[in-house]
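A.B. asks: Reminder that position 82 of the sequence shown reads as 82 in our numbering, one-by-one numbering, no gaps.
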Amino acid sequence: MQSKDVAPEFAGLARFMEAGIPFNAMLGVHVDRLVRGECVLRIPWNDRLIGDPTRPAVHGGVISMLADTSGGAVCFSMLDNRDDRVSTVDLRVDYLRPGPSQDLLCRAKVIRMGNKVAVTRMEVFAHALPAAGEEGEPIATAQAVYNVVRRSE
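1. What does the Cβ neighbour count give for Thr54, buried or exposed, with the cut at 16 atoms within 10 Å?
2. Under three-state DSSP, which class holds Ser64?
3. Judging by CA-CA distance, which residue of Phe76, Val58 and Glu38 is the nearest neighbour of Phe16?
4. Can you tell me which of Arg112, Gly133, Ala142 and Val110 puts its alpha carbon nearest to the alpha carbon of Glu183?
5. For the segment 24 to 105, which segments carrying the alpha helix (DSSP H) assignment without a break, of at least 4 residues, lie completely within its bounds, in sequence order?
6. For the beta strand (DSSP E) holding Arg158, just list the boundary residues, first then last.
7. In this structure, what does DSSP give as the bridge partners for Arg107?
8. Using the Cα positions of Ala126 and Leu13, report the straight-line distance between them to the nearest angstrom.
9. Alpha carbon to alpha carbon, what distance is there between Glu18 and Ala25?
10. Just curious, the alpha helix (DSSP H) that Ala11 is in, first and last residue?
11. Using the beta-carbon count (16 or more within 10 Å), is Gln2 buried or exposed?
12. Can you give me the C-alpha to C-alpha distance between Val154 and Pro98, rounded to a whole angstrom?
13. From Arg107 to Gly72, what distance separates their C-alpha atoms?
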């Protein structure tokens, strides 16, 4: 099990992202980092993630799911009321290279958090995130727009 860097106020959100969403639980999603405005999710490698058995390479849907889920989680980290909701409006994924047979990690950051719309940027890496200050070579990049519904209003 990976060590976690989860701010105490987001421990419940981290548990929900891992076990409260059945699809995430099926894929074994782990929250490696969750602080206000930044999130890192991991999907451990297993052979069921293969989309192209001739390489083998990770299925593109797994990569886009990880990007979207990370983007949604980082949006939730910006909300003060846990009854508020976010839903994906638009997701753009650029696949840069085949995903190798390794763990997948996605780092998500909030670019803009408005009252009704949020914009996030994500990078998906194989095996590990690059060291601090290094760019690394993502296998995919993504940007997403989320609808924000504030129940408190």
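No residue lacks a Cβ here, since even glycine has one placed at the ideal position from N, Cα and C.
C.D. replies: In this structure, then:
1. Start at 1 with the first residue of the sequence shown, and residue 54 comes out as number 54. Its Cβ having fewer than 16 others within 10 Å, Thr54 is exposed.
2. For the purposes of this step, residue 64 is taken as the residue at position 64 of the sequence shown. Looking at Ser64 - three-state DSSP - the assignment turns out to be helix.
3. For the purposes of this step, residue 16 is taken as residue 16 along the sequence shown, with counting starting at 1. Ranking Phe76, Val58 and Glu38 by Cα distance to Phe16 puts Phe76 first.
4. In the structure as shown, the chain starts at 1 and stops at 153, and residue 183 therefore has no counterpart that could be examined.
5. 60 to 76
6. With the chain covering 1 to 153 only, the question about residue 158 has no answer from this structure.
7. Within the sequence shown, numbered from 1, the residue matching residue 107 stands at position 107. BP columns for Arg107 point to Val40 and Glu123.
8. Here residue 126 corresponds to residue number 126 of the sequence shown, with the count starting at 1. Here residue 13 corresponds to residue number 13 of the sequence shown, with the count starting at 1. Cα to Cα, the separation comes out at about 24 Å.
9. One-based indexing of the sequence shown puts residue 25 at position 25. One-based indexing of the sequence shown puts residue 18 at position 18. For Ala25 and Glu18, the distance between alpha carbons rounds to 6 Å.
10. Position 11 of the sequence shown, counting from 1, holds the residue named residue 11. Segment Ala11 to Arg15, the alpha helix (DSSP H) holding Ala11.
11. As a working mapping, residue 2 is identified with position 2 in the sequence shown. For Gln2, the predicted structure reports a pLDDT of 48, less than 50, and the residue's modelled location is therefore unreliable. A value from the coordinates is still provided. It is exposed - the Cβ of Gln2 has fewer than 16 other Cβ atoms within 10 Å.
12. Shown here, the chain extends from 1 to 153; a query on residue 154 therefore has no answer.
13. Your numbering for residue 107 matches position 107 in the sequence shown. Your numbering for residue 72 matches position 72 in the sequence shown. Cα-Cα distance, rounded: 12 Å.
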